[in-house]
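Working notes, structure below.
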Amino acid sequence: MKRSTQILLAVVIVLIILVGSVVGKYNQLVELETSVDGRWAQVENQLQRRADLVPNLVNTVKGYASHEEGVFTEIAQARARLLAARTPADQMEANAGLDSALGRLLAISEAYPDLKADTSFVRLQDELAGTENRIATERMRFNESVQNWNATIRKFPTNILANVLGKQAKLFFEVAEGAREVPQVQF
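Here is the structure:
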């Protein structure tokens with residue numbers, strides 16, 4: 016075999032290896048990004064479930080505490096912001112607002128013993144607690160996917176391909192302000 020043929024063959028083999036590597040890394044990015052998007056869809060699903068429970072909970076509380084109109088208005092506005100939010104960052108912010116408003120609504124129930132004994136209220140509280148647990152689980156899974164994505168696009172040589180494709184780090188679903196503080200319970 017001629018020397019020039021050997022060199023050409025070596026160049027072709029190296030190019031095939033490089034193209035195969037780029038295709039493999041591209042497919043890995045697609046898979047990871049799809050995973051992040053799928054996990055976020057599950058978070059949205061649970062946020063929607065909670066938003067759907069809120070009107071029933073509010074109506075049950077209204078029957079016992081109709082003069083607490085400010086809290087009901089705040090919840091309606093927070094729910095509307097959550098349903099209107101389109102980006103994950105906006106949804107996270109709106110979710111924090113709804114968390115805060117729901118906390119105030121549930122605090123109101125403490126002042127009304129008849130409300131705390133109402134079976135509809137107790138059932139809705141249980142459903143809300145279950146949904147909150149599902150949100151926490153899906154948030155954890157989403158954050159794991161984001162961690163995998165962010166780590167992958169920072170590693171060489173995938174970082175080069177990610178930059179060429181305009182892929183950027185994703186935001187984690189952070190806890191709401193004040194959620195890190197331990198609540199004070201007094202008896």
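The opening position of the sequence shown corresponds to residue 16 in the numbering used here, with each subsequent residue numbered one higher.
For every residue, glycine included, the Cβ atom is placed at its ideal position computed from N, Cα and C.
Owing to the predicted nature of the structure, the values given are computational and were not obtained by experimental measurement.
Helix, strand or coil at residue 127 according to DSSP, with G and I counted as helix: coil
Are three or more beta carbon pairs between the region 77 to 96 and the region 115 to 126 nearer than 8 Å? yes
Answer yes if the region 53 to 65 comes into contact with the region 92 to 112, meaning at least three C-beta pairs across the two stretches below 8 Å, and no otherwise. yes
Complete alpha helix (DSSP H) runs within the region 128 to 174 (minimum length 4 residues, chain order): 128 to 132 and 134 to 169
Measure the alpha-carbon distance for residue 180 versus residue 144 and round it to whole angstroms. 41 Å
Between the region 119 to 127 and the region 79 to 86, can you find at least three pairs of beta-carbon atoms closer than 8 Å? yes
Could you say which of 184, 68, 183 and 94 lies nearest to residue 141 if we only look at CA atoms? 68
Cα-Cα separation, residue 160 to residue 168: 12 Å
Leaving aside the five residues before and after residue 98 along the sequence, list all residues of the same chain whose C-beta is less than 7 Å from its C-beta, in chain order. 66
Enclosing alpha helix (DSSP H) for residue 48 [first to last residue]: 18 to 77
Whose C-alpha, out of 55, 34 and 186, is nearest the C-alpha of residue 165? 186
How far does the alpha helix (DSSP H) with residue 101 in it reach, from first residue to last? Note, residue 101: premise wrong, no alpha helix (DSSP H); not H, not E.
My output table needs one value for residue 87: the three-state DSSP class, helix, strand or coil. helix
Return the CA-CA distance between residue 73 and residue 136, expressed in angstroms with no decimal places. 9 Å
Label residue 197 either buried or exposed according to how many other C-beta atoms from any shown protein chain fall within 10 Å of its C-beta, with 16 as the threshold for buried. Reliability of the predicted coordinates at residue 197 is poor, the pLDDT of 44 falling under 50, and the value obtained from them is presented with this limitation in mind. The residue is exposed, with fewer than 16 neighbouring Cβ atoms inside 10 Å.
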